[in-house]
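> Please see the structure below; I have some questions.
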Amino acid sequence: MNITILFSDDSTLIFANRIRDILKSKNNNASINLAWYLPENALSYRQLKQLLPAGPNFCISKDEVDSFLEHEGCDAIITSRVYAPIRAKLSSPEYRYRSGRPCIISFLGGLDLSPKRGFKNRIFCDGVYLIPKSALDQYRREISNDSFSWQDVQFGHPSFLLPKKQPSSRLDSQKSIYFFAQALSPSTKAGRLHLLKLMAAVAHNNPERKVFIKLRHLPNENKKHLHKEKHSYQDLYNELKHKPENLLVSNATMEQALDDASLGITCTSTAAIDLVSAGVPCMIYLDYIDYFLDPLNEPMRCFFRDSNLICSLEEIINLQYSKPNQRWMEQTLCGPEITEQIFETIVAFKRRVPQIKSFSDYYN
C-alpha cells in the first residue's frame with residue numbers, strides 16, 4: 001500500500017511524523033511518504049531540520065497538485081489540512097466517483113474557532129477522523145453527505161492517544177518544569193507577561209529545578225503560519241528584569257521537552273493533549289490577564305471542563321496538580337486501534353460503489 005502524508009508548516013509536519021510512525025508500527029511493508037506541500041509553505045529551515053532532518057520524500061509545487069491528485073499509484077493521501085485545490089478537486093462528482101484515484105483522508109483535532117468551517121472543508125473527503133467522540137454526532141447532524149458520495153467518518157487522531165502510563169503522584173526530582181507556549185493564547189502582551197511572571201514565581205519557589213519556557217516559534221519565524229504570533233515570549237523574556245537563574249527558554253522539539261518534563265503547564269489544547277498522552281502531569285491555567293479578550297479561552301474551558309486539569313493561580317504556584325479524569329480521557333483520546341482503522345478506511349474506499357471509469361480509461 002502506498003500512502004502520502006502532506007505537510008506545510010510545523011503543526012502539519014508534527015502531525016505527519018506522528019501518523020507515519022503509527023502506520024509503520026502496524027504495517028512496516030507499507031510505503032509511506034511525507035510530501036512537502038509548497039503552495040502554503042510556512043516552515044523555516046530550522047523547523048524543517050529539527051523536525052525532519054532527512055527531509056521529505058518529495059515536494060509538491062502549485063503546478064503539480066492536480067497531477068498528484070490524479071496519480072493512480074497512490075492509494076491514499078492523508079492530511080490534517082484540506083488545502084483549497086484538494087477541496088476544489090473533491091467538489092467534482094466526476095473526480096469523487098472515479099475509480100483508481102487516491103483515497104483522501106482528513107483529520108480534524110483540537111480547538112477550532114469555527115468548527116463548522118472545519119466540517120464544511122471536509123464534506124467531500126473520503127475519510128474524516130474527528131475528536132472528541134461527541135464531534136462525530138455533531139458532524140453527522142451538521143454535514144449530511146449522503147447525497148454527495150461515499151464517506152467513512154471515524155474517531156481518532158495520532159496526537160490524541162491514550163497514555164501507556166498514568167502520571168506519577170510525585171514529581172520526578174531529576175526532571176524539569178515546562179511552560180508550553182502557544183502562538184495565539186494569550187492574545188495580549190499583558191496576558192503573556194502575566195504568564196511569564198507566573199513562571200518566574202514557579203522558578204523562584206523551586207530553585208532546585210529548571211523551569212523552561214518552551215517556545216512554539218522563534219521570533220519572526222511564523223510570519224506565513226496560519227496562526228501568527230504577537231508578543232513573542234523570547235522578546236518578553238529578554239525584557240524581563242530580575243529573572244531567576246533557573247528560568248530558561250527552550251526551542252527543543254515537543255518530544256524532547258516531553259521526555260525531560262516532570263510537569264507541564266500550559267494554556268493551549270495542543271500541549272495539554274501531548275502531556276496527557278505522554279503520561280506527564282499537566283496543569284492548565286486559563287485565568288491569565290485579559291483572558292476575556294482571547295477567543296480561544298472559552299473553547300479551552302469547554303473542551304477541558306471535565307478533564308480535572310484546569311488549575312487556579314494558587315495551584316500553579318504550589319504545583320498542586322491532579323490526574324486527568326478517566327472518563328474524559330476515554331471520550332477524548334483514542335487507542336492503538338486507530339492505526340488498523342485507517343487501513344480499513346482505505347480498503348473500504350477501494351471497494352466503494354459506484355466507481356466510474358473515464359471515457360479514455362474505458363476504451364484503453
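Going by the UniProt record's numbering, the first residue of the sequence shown is number 1, and it counts up by one from there. Each residue gets a CB set at the ideal place from its N, CA and C atoms; glycine is no exception.
Which word fits PHE292, buried or exposed, when buried means at least 16 other C-beta atoms lie within 10 angstroms of its C-beta?
Counting Cβ neighbours within 10 Å, PHE292 comes out exposed, since fewer than 16 surround it.
> With DSSP collapsed to three states, give me the class of ALA181.
Note: ALA181 maps to coil in three-state DSSP.
> Taking 7 Å as the cut-off, is the C-beta of PHE292 nearer than that to any heavy atom in the ligand HEM?
The ligand HEM is not part of this structure, which contains no ligands at all.
> State the Cα-Cα distance for the pair SER91 and LYS133, rounded to the nearest angstrom.
If I take the Cα positions, the gap works out to 27 Å.
> Taking the alpha carbon of SER187 as the reference point, which residue from SER262, ASP287, GLY156 and ARG327 has its own alpha carbon closest?
For SER187, the nearest C-alpha among the options comes from ASP287.
> Assess, as a yes-or-no matter, whether the segment 89 to 105 is touched by the segment 338 to 357 under the definition of 3 or more beta carbon pairs within less than 8 Å.
Yes: at least three Cβ pairs fall under 8 Å.
> So with Cβ pairs under 8 Å, would you call ILE131 a contact of chain B?
Looking at the structure shown, chain B is missing, and only one protein chain is on hand.
> List the residues that DSSP assigns as beta-bridge partners of LEU6.
Per DSSP, ALA35.
> Can you have a look at GLN326 and say buried or exposed, based on whether 16 or more other CB atoms are within 10 angstroms of its CB?
Exposed, because fewer than 16 other Cβ atoms sit within 10 Å of the Cβ of GLN326.
> Just mark ARG192 as buried or exposed, buried being the case when its beta carbon has 16 or more other beta carbons within 10 Å.
ARG192 is buried by the Cβ-count criterion.
> Given this structure, state the Cα-to-Cα distance separating ASN41 from ILE14, to the nearest angstrom.
The straight-line gap from Cα to Cα measures roughly 14 Å.
> Check whether the segment 233 to 251 touches the segment 264 to 281, taking contact to mean three or more Cβ pairs, one atom from each stretch, closer than 8 Å.
In short, these stretches do not touch, since the Cβ pair count stays below three.
> Could you check where the beta strand (DSSP E) with ALA200 kicks off and where it finishes?
Looking at the DSSP string, ALA200 is not in any beta strand (DSSP E); the run it does join, the alpha helix (DSSP H), is 189 to 205.
> Buried or exposed: where does TYR178 fall if 16 or more other Cβ atoms within 10 Å of its Cβ makes it buried?
By the 10 Å Cβ count, TYR178 comes out buried.
> Using beta-carbon positions only, say whether PHE119 and TYR139 come within less than 8 Å of one another.
Contact: yes.
> With C-beta atoms as the reference, is ILE131 less than 8 Å away from THR332?
In this structure, THR332 lies closer than 8 Å to ILE131 by Cβ.
> Give me whichever residues DSSP pairs with GLY264 in a beta bridge.
The partner list for GLY264 (beta bridge, DSSP) reads TYR178 and CYS282.
> Just the C-alpha distance for GLU340 and ALA257, rounded to the nearest angstrom, thanks.
If you take the alpha carbons of GLU340 and ALA257, they lie about 29 Å apart.
> Which residues mark the beginning and the end of the beta strand (DSSP E) in which TYR129 is found?
Element bounds for TYR129: 127 to 130.
> Would DSSP call ILE143 helix, strand or coil?
Residue state, collapsed to three classes: coil.
> If contacts are defined as beta-carbon pairs under 8 Å, then LEU263 and LEU198 qualify, I think. What distance do you get, rounded to the angstrom?
Not really, about 14 Å apart at Cβ, beyond 8 Å.
> Please say whether ALA35 and LEU69 have beta carbons closer to each other than 8 Å?
Cβ atoms of LEU69 and ALA35: not closer than 8 Å.
> Which of the three DSSP states, helix, strand or coil, is assigned to PHE15?
Residue state, collapsed to three classes: helix.
> Should PHE58 go down as buried or exposed, given a rule of 16 or more other Cβ atoms within 10 Å for buried?
PHE58 should be labelled exposed.
> In whole angstroms, give me the CA-to-CA distance for ILE32 and ILE3.
The straight-line gap from Cα to Cα measures roughly 5 Å.
> Decide if ASP274 is buried, meaning its Cβ has at least 16 other Cβ atoms within 10 Å, or exposed.
Buried, by the Cβ-count rule.
> In whole angstroms, what separates the C-alpha of PRO85 from that of ILE356?
So the alpha carbons of these two residues sit roughly 22 Å apart.
> Taking the beta strand (DSSP E) that residue 367 falls in, what are its first and last residues?
Given a span of 1 to 364 for the chain in the structure shown, any question on residue 367 remains unanswerable.
> Give me the Cα-Cα distance between TYR321 and SER173, rounded to the nearest whole angstrom.
Spanning the two alpha carbons is a distance of roughly 15 Å.
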